[in-house]
Amino acid sequence: MYSHIDSNHALILQWRYAFGGNETIRYPDDIFDRIWTPAVGILLSEVKSEESRFDITTAEDHPPEAALQNAIVSSSTLEYIQFINRLPTEEHQVYINAYFSEVMESAFGKRSIQMNIDGKPFLSPIVPPLGSVKEVYITNITASANTTFILQASDSSTFPPILNALEVFTISDSFNAGTDSRDVDGLLELKFAFEVLVDWSGDPCLPYPYNWDWIECTSDAKPRVIALYLGGYELQGTLPDFSSMTALETIDLQNNTIEGPIPDFLGLFPNLKTLNLSYNRFNGSIPASLVNKNIEIE
Numbered sequence: 001m002y003s004h005i006d007s008n009h010a011l012i013l014q015w016r017y018a019f020g021g022n023e024t025i026r027y028p029d030d031i032f033d034r035i036w037t038p039a040v041g042i043l044l045s046e047v048k049s050e051e052s053r054f055d056i057t058t059a060e061d062h063p064p065e066a067a068l069q070n071a072i073v074s075s076s077t078l079e080y081i082q083f084i085n086r087l088p089t090e091e092h093q094v095y096i097n098a099y100f101s102e103v104m105e106s107a108f109g110k111r112s113i114q115m116n117i118d119g120k121p122f123l124s125p126i127v128p129p130l131g132s133v134k135e136v137y138i139t140n141i142t143a144s145a146n147t148t149f150i151l152q153a154s155d156s157s158t159f160p161p162i163l164n165a166l167e168v169f170t171i172s173d174s175f176n177a178g179t180d181s182r183d184v185d186g187l188l189e190l191k192f193a194f195e196v197l198v199d200w201s202g203d204p205c206l207p208y209p210y211n212w213d214w215i216e217c218t219s220d221a222k223p224r225v226i227a228l229y230l231g232g233y234e235l236q237g238t239l240p241d242f243s244s245m246t247a248l249e250t251i252d253l254q255n256n257t258i259e260g261p262i263p264d265f266l267g268l269f270p271n272l273k274t275l276n277l278s279y280n281r282f283n284g285s286i287p288a289s290l291v292n293k294n295i296e297i298e
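Per full-length UniProt numbering, the sequence shown runs over residues 1 to 298.
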């Protein structure tokens, strides 16, 4: 699915609409549990398909049949459909999937739709199939809130344009080499030690700024983890050695049930400014590595 992008980038969903209906669509209608929000258009009509079943295998990304049962349509061949555009004001690379399925048997083969982007034709005219779906990919373009996406009847069409469903993504920056391996190793030690963290997966810092909730990362091409925010995460047991995370500036472990002596390696982080170990079950004295350090310790 969504194969028109290489593995060095991520798709960041902006919106996903099923037009013409009034109910949110998700699992079990969508076996991938994507959420399709109902939407209508300004000065557009909502229409229900005369078909009850659809062959979705004709679309690579398998939209749910429920998203094809309704559509929006303009009032005449002289009127157009303009995509709702809530993209950021600055330009981004975008990835858009538009889904078309004919709603009227009498219009089959007679409805032809031209897509225009900023007033220029994009791709050849679209003829919506009956009982199946035509998926149109818009990739390899940059767009912003000022970009216009319009569907209009082609010169040969005797029926106005329709649109059943739409997905809009922005494309992340390149992952490059991923989060620094030293930080990945340290985070793995924490995951191995504390069961509540095991479900966190994927690159910890990328795509920026969508890092794991309990860390903070730099925005570099090869990001470093600069903070651990694990206060109140119900961590139980002894603290593992995550000394490989040499860029750490903040370590917040407060309000857990961590036991044992305070590890000596906590005083060896060259950039550490804040260390919060309060409300745990540490025992013993503060290690010499933390004494006389310019670190805020709680």
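By construction, the Cβ of each residue, glycine as well, lies at the ideal position given by its N, Cα and C atoms.
Does the beta-carbon distance from TYR95 to LEU11 come in below 8 angstroms? Taking the sequence shown and counting its residues from 1, the one referred to as residue 95 is at position 95. Taking the sequence shown and counting its residues from 1, the one referred to as residue 11 is at position 11. Yes, these two residues count as a Cβ contact at 8 angstroms.
Helix, strand or coil at LEU163 according to DSSP, with G and I counted as helix: As a first step, residue 163 is located in the sequence shown; it is residue number 163 there, counting from the start. In this structure, LEU163 counts as strand in the three-state DSSP scheme.
Test item: CB-CB of ASP241 and GLU189 under 8 angstroms: The sequence position of residue 241 within the sequence shown is 241, counting from 1. The sequence position of residue 189 within the sequence shown is 189, counting from 1. It is a contact, given that the beta carbons lie within the stated cut-off.
Exposure of SER76, with buried meaning 16 or more beta-carbon neighbours within 10 Å: Locating residue 76 in the sequence shown gives position 76, where the first residue counts as 1. SER76 comes out exposed.
Endpoints, beta strand (DSSP E) assigned at residue 366: The first residue shown for the chain is 1 and the last is 298, placing residue 366 beyond what the model contains.
Roughly how many angstroms separate the alpha carbons of PHE169 and ILE295, rounded to a whole number? The count along the sequence shown starts at 1 and reaches residue 169 at position 169. The count along the sequence shown starts at 1 and reaches residue 295 at position 295. Taking the straight line from one Cα to the other gives about 43 angstroms.
I'd like to know whether the C-beta atoms of PHE19 and SER132 end up nearer to each other than 8 angstroms. Locating residue 19 in the sequence shown gives position 19, counting from the first residue. Locating residue 132 in the sequence shown gives position 132, counting from the first residue. Contact flag unset, no.
Can you tell me whether DSSP reads ARG182 as helix, strand or coil? The residue labelled residue 182 in the question sits at position 182 within the sequence shown. It is helical.
Is the stretch 30-39 close to the stretch 199-216, with three or more CB pairs under 8 angstroms? no
Which residue from GLY231, GLN93 and ALA153 puts its Cα closest to that of LEU275? By one-based count along the sequence shown, residue 275 stands at place 275. Measuring from the Cα of LEU275, the nearest candidate turns out to be GLY231.
Tell me which same chain residues have a C-beta within less than 6 angstroms of the C-beta of SER156, skipping the five on either side of it? The sequence position of residue 156 within the sequence shown is 156, counting from 1. So the qualifying residues of the chain are SER112.
Just to confirm before moving on: does the CB-CB distance between SER172 and THR89 stay below 8 angstroms? Along the sequence shown, one-based indexing puts residue 172 at 172. Along the sequence shown, one-based indexing puts residue 89 at 89. No, these two residues do not count as a Cβ contact at 8 angstroms.
Smallest Cα separation from ALA247: which of PRO270, GLY260 and LEU277? For the purposes of this step, residue 247 is taken as the residue at position 247 of the sequence shown. Of the listed residues, the one whose Cα sits closest to ALA247 is PRO270.
Look at VAL73 and ILE162 and say whether their C-beta atoms are less than 8 angstroms apart. Numbered from its first residue, the sequence shown carries residue 73 at position 73. Numbered from its first residue, the sequence shown carries residue 162 at position 162. In contact: VAL73 and ILE162 (Cβ atoms closer than 8 angstroms).
Pick out whichever of GLY260, PHE265, TYR233 and ASP264 has its Cα sitting closest to the Cα of residue 325. The structure shown does not extend to residue 325, since the chain is modelled only from 1 through 298, so no value can be given for it.
Residues near GLN14 in its chain [Cβ-Cβ closer than 7 angstroms; skip 5 each side]: In the sequence shown, residue 14 corresponds to position 14, counting from 1. Only ARG86, LEU87, VAL168, PHE169 and THR170 meet the Cβ criterion.
Whose C-alpha, out of ILE81, THR37 and ILE42, is nearest the C-alpha of PRO64? Position 64 of the sequence shown, counted from the first residue, corresponds to residue 64. When only C-alpha atoms are compared, the closest one is THR37.
Note down the Cα distance separating SER52 from ASN164, rounded to an integer number of angstroms. Locating residue 52 in the sequence shown gives position 52, counting from the first residue. Locating residue 164 in the sequence shown gives position 164, counting from the first residue. Rounded to the nearest angstrom, the two C-alpha atoms are 14 angstroms apart.
State the start and end residues of the unbroken beta strand (DSSP E) segment that holds GLY237. Taking the first residue of the sequence shown as position 1, residue 237 is located at position 237. Per DSSP, GLY237 belongs to the beta strand (DSSP E) from 236-238.
Cβ-Cβ separation, ASN283 to ILE258 (assumed contact under 8 angstroms), whole Å: If you number the sequence shown from 1, residue 258 lands on position 258. If you number the sequence shown from 1, residue 283 lands on position 283. With a Cβ gap of about 11 angstroms, ILE258 and ASN283 do not count as contacting.
Using only CA atoms, which one of PRO209, GLY186, ARG224 and CYS217 lies nearest to LEU266? The sequence position of residue 266 within the sequence shown is 266, counting from 1. Ranking PRO209, GLY186, ARG224 and CYS217 by Cα distance to LEU266 puts GLY186 first.
DSSP state of GLY267 mapped onto helix, strand, coil: Within the sequence shown, the letter at position 267 stands for residue 267. GLY267: helix per DSSP, three-state reduction.
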